[in-house]
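So the structure is just underneath, and the comments pick up after that.
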Amino acid sequence: MTHKVAILGASGYTGAELVRLIDQHPNIDIAALSADRKAGMTMAQVFPHLRHMELPALCKIGEIDFSDIDLCFCALPHKTSQEVIAALPKTLKIVDLSADFRLRDPAEYEKWYGNPHAALEQQAEAVYGLTEFYRDEIKSARLVAGTGCNAATGQFALRPLIEGGVIDLDDIILDLQCAVSGAGRSLKENLLHAELSEGCNAYAIGGTHRHLGEFDQEFSKIAGRPVKVQFTPHLLPANRGILATVYVKGDAKAIHDSFAKAYADEPFITLLPFGEAPSTHHVRGSNFCHIGVAQDRIEGRAIVIAALDNLTKGSSGQALQNANLMLGETETEGLMMAPLFP
């Protein structure tokens, strides 16, 4: 059976990544592509690396006939997604890649994003899109809220440890490096080559990063009590990739065993041999996440390192993984491509 999908916001990085991935899916066809400012253009004009594909021209959202669409990917900016999704047909399956439906509590959304939630009815039915931990709910969901790329990386590195009770929940430090594509495709002065290259800088220092809302929500839910991590993200002068280094109190071998148990049957999560560390080079362009565990020189402390591609496993690959479940497809379909190296 062939499923027809629409991608809203196809002129951004995550939209282009969705097109790249879906092109290799045997049972999904792209029936519509939308872009606001680039409506009327072809994808070949916007993204020349996709010129070999036969794709519909970009159009306005209002020009799409959703009656023949099985699932819609929304790769739109925060806040815009709420307004657009609230107006879509109530029976349409949706995977949202923005932050608009990630936080279950509307008050928490307003706290972290600065404006009241504008689609409370849809928020009530949204399922959090971290596939490995919400698989059963995603299968029957109409609306799935994709995670933040930083939030996904941190959760892959910490959820099994919190659930297994093998670390001190009051002493978690998450140091994360994220490539520049995580900031989107809009023109920003601090992302110009001369401003960004040959350097690395911390941002959202002191607990102001919006993905902390997801960490607070998910980690506290698992633990059954408030859990707050100390988190500092850094902007890397690289196009793709996230590397998270997590410092925890706990027995390193027990931590490695917890990951081995939790991820034994997960096709996209690879646990490295004890003491080995992953690299963003080894997951580039793929839907894989690599995790390593090492003993710290200080007794009773361990270091966990996780690497993934922010545009694939952190966003568009995750979105397709969720869509596969929603459409009754094999979860790994269209996603088993090998990473690009070098």
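The sequence shown runs contiguously to residue 342 in the UniProt record's numbering.
Glycine included, every Cβ here is placed at the ideal spot set by N, Cα and C.
Owing to the predicted nature of the structure, the values given are computational and were not obtained by experimental measurement.
Tyr-13 lies in the beta strand (DSSP E); which residues open and close that run?
It is not in any beta strand (DSSP E) - Tyr-13 instead sits in the alpha helix (DSSP H) that spans 13-22.
Contact between the segment 61-75 and the segment 117-130 (3+ Cβ pairs under 8 Å)
No, they do not touch.
Classify Ser-34 as helix, strand or coil using the three-state DSSP reduction.
Strand at Ser-34.
Threshold first: 4 residues or longer. Then list the alpha helix (DSSP H) segments lying entirely within the segment 164-215, N to C.
Within the segment 164-215, the complete alpha helix (DSSP H) runs of at least 4 residues are 193-196.
What do you reckon, are the CB atoms on Ala-302 and Ile-242 nearer than 7 Å?
No. Outside cutoff.
Mind checking His-49: buried by the 16 CB within 10 Å criterion, or exposed?
It is exposed - the Cβ of His-49 has fewer than 16 other Cβ atoms within 10 Å.
In the DSSP assignment, what residue or residues form a beta bridge with Cys-59?
Note: Cys-59 sits in a beta bridge opposite Ser-34.
Determine the contact status of Ser-220 and Val-227, defining contact as a CB-CB distance below 7 Å.
Yes, the pair counts as a contact, with Cβ atoms nearer than the cut-off.
Can you tell which of Ala-107, Ala-194, His-52 has the C-alpha that lies nearest to the C-alpha of Gln-24?
Nearest neighbour of Gln-24 by Cα position, chosen from Ala-107, Ala-194, His-52, turns out to be His-52.
Note down the Cα distance separating Phe-231 from Thr-270, rounded to an integer number of angstroms.
Take the alpha-carbon of Phe-231 and the one of Thr-270: they are about 24 Å apart.
Please work out which residues of its chain come closer than 8 Å, Cβ to Cβ, to Tyr-13, disregarding the five sequence neighbours upstream and downstream, and give them in chain order.
Around Tyr-13, the same chain offers Ser-181, Gly-184, Arg-185, Leu-311 as residues with beta carbons nearer than 8 Å, after the five sequence neighbours per side are excluded.
According to DSSP, simplified to helix, strand and coil, what is Leu-272?
In the displayed model, Leu-272 falls within coil according to three-state DSSP, outside both helix and strand.
Name the DSSP bridge partner or partners of Arg-301?
In DSSP, Arg-301 forms a bridge with Lys-249.
Integer-rounded CB distance, given that Arg-210 should sit under 8 Å from Ala-145
Contact flag wrong, Cβ pair sits at about 14 Å.
Where are the beta strand (DSSP E) runs, 3 residues long or more, that stay fully inside the segment 73-158, in chain order?
Within the segment 73-158, the complete beta strand (DSSP E) runs of at least 3 residues fall at 93-96, 143-145.
Determine the extent of the alpha helix (DSSP H) in which Leu-325 is found, giving its start and end residues.
Here the alpha helix (DSSP H) through Leu-325 covers 317-326.
Taking 6 Å as the limit between beta carbons, can you name the residues of its chain near Gly-165, skipping five residues before and five after?
If we look at Gly-165 and ignore the five residues flanking it on each side, it has no Cβ neighbours.
Using a Cβ-Cβ cutoff of less than 8 Å, which residues in the same chain neighbour Leu-88 once the five nearest sequence positions on both sides are dropped?
Taking Leu-88 as the centre and dropping the five residues before and after it, the same chain places the C-beta of Phe-66, Cys-72, Ile-94 closer than 8 Å to its C-beta, in chain order.
With Ala-44 as the anchor, note down where its alpha helix (DSSP H) starts and where it stops.
Boundaries of the alpha helix (DSSP H) harbouring Ala-44: 43-46, taken from the DSSP string.
Leaving out five residues before and five after Ala-86 in sequence, what residues of the same chain have Cβ atoms less than 8 Å from its Cβ?
For Ala-86, where only same-chain residues beyond five positions count, the Cβ hits under 8 Å are Ala-118, Ala-119, Glu-121, Gln-122.
My assumption, with CB atoms under 8 Å, is that Pro-278 sits in contact with Ala-323. Please give the rounded CB distance.
With 8 Å as the limit, Pro-278 and Ala-323 do not qualify as a contact, their Cβ atoms being about 26 Å apart.
Specify whether the segment 193-205 and the segment 129-141 touch according to this definition: at least 3 beta carbon pairs, one from each stretch, less than 8 Å apart.
Fewer than three beta-carbon pairs drawn from the segment 193-205 and the segment 129-141 are found closer than 8 Å, and the two stretches are therefore not classed as touching.
In whole angstroms, what is the alpha-carbon distance linking Pro-273 and Gly-292?
Distance between the alpha carbons of Pro-273 and Gly-292 is about 7 Å.
In terms of DSSP beta bridges, what is Gly-224 paired with?
DSSP output for Gly-224 lists no bridge partner at all.
DSSP three-state assignment for Ile-291, whether helix, strand or coil
Reduced to three states, the DSSP call for Ile-291 is strand.
Tell me the residue span of the beta strand (DSSP E) that contains Ala-6.
It spans 3-8 - the beta strand (DSSP E) in which Ala-6 sits, taken as one unbroken run.
Please report the residue range of the beta strand (DSSP E) in which Phe-231 lies.
Counting along the chain, the beta strand (DSSP E) containing Phe-231 begins and ends at 230-236.
Sequence-distant residues of the same chain with beta carbon closer than 7 Å to Ala-338, five excluded per side
Around Ala-338: Ser-286.
Would you mind sorting Leu-160 into buried or exposed? The rule is 16 or more other CB atoms within 10 Å of its CB.
The amino acid occupying residue 160 in the given sequence is Pro; Leu does not appear at that position. Burial call: buried.
Coil, strand or helix - Leu-50 by DSSP:
Leu-50: helix per DSSP, three-state reduction.
Going by beta-carbon coordinates alone, are Val-248 and Ile-298 separated by less than 7 Å?
By the CB criterion at 7 Å, Val-248 and Ile-298 fall outside the cutoff.
Near Gly-15, what residues of its chain come up, given a Cβ to Cβ distance below 6 Å and the 5 sequence neighbours on each side ignored?
So the list reads Ile-7, Gly-9, Ala-75, once near-sequence residues are dropped.
Pick helix, strand or coil for Leu-311, following the three-state DSSP scheme.
Leu-311: coil per DSSP, three-state reduction.
Measuring straight from C-alpha to C-alpha, what distance separates Pro-106 and Gln-155?
Roughly 21 Å separates the two Cα atoms.
How about Gly-334 and Leu-55: do their beta carbons lie closer than 7 Å?
The Cβ-Cβ distance between Gly-334 and Leu-55 does not fall below 7 Å.
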